[in-house]
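Asker: Residue numbers (our numbering): 1329 to 1445.
We put the beta carbon where it would ideally sit given N, CA and C, even for glycine.
As the structure is a computational prediction, the values presented were derived from the model and not from experiment.
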């Protein structure tokens, strides 16, 4: 069987809390969650506003994938809190790469002749 593997970055999404600025989303300095493959986890006893997560969620799949060095997705990593009165931001940090198998992540087979890598 041909190699059906691909790589994604593990991600850590960290709360960035400017000192002395108003915070309304409940984020605290040091709060974070991690994304490994499709599994999101956070430390016990810690939470995130669903509105803050909704602001960053659409970018996570793209941030997991390797990008061209000139692509803005490579350099831009901070997302503003969706509340315009809240000064917090969420920083997306790429961690180690993890290898996945296509066959283990979907029931849809690879197209025949998929030799482009």
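By DSSP's criteria, residue 1420 is part of a beta bridge. Which residues make up the other side?
Answerer: Answer is 1341.
Asker: What's the gap between the Cα of residue 1430 and the Cα of residue 1404?
Answerer: Computed Cα separation, rounded: 28 Å.
Asker: Kindly indicate the opening and closing residues of the beta strand (DSSP E) around residue 1387.
Answerer: Unbroken run through residue 1387 is the alpha helix (DSSP H), 1378-1392; no beta strand (DSSP E).
Asker: In whole angstroms, give me the CA-to-CA distance for residue 1335 and residue 1426.
Answerer: If I take the Cα positions, the gap works out to 5 Å.
Asker: So, residue 1343 versus residue 1359, is the Cβ gap smaller than 7 Å?
Answerer: Contact flag set, yes.
Asker: Given residue 1441, which residues of its chain have a CB within under 8 Å of its CB, disregarding the five upstream and five downstream residues?
Answerer: Same-chain partners within the cutoff: there are none.
Asker: Would you decide whether residue 1392 is buried or exposed? Buried here means 16 or more other CB atoms lie within 10 Å of its CB.
Answerer: It counts as buried.
Asker: Taking residue 1420 and residue 1339 to be in contact with their CB atoms under 8 Å, please state how far apart those CB atoms are, rounded to whole angstroms.
Answerer: Correct: roughly 6 Å between the Cβ atoms.
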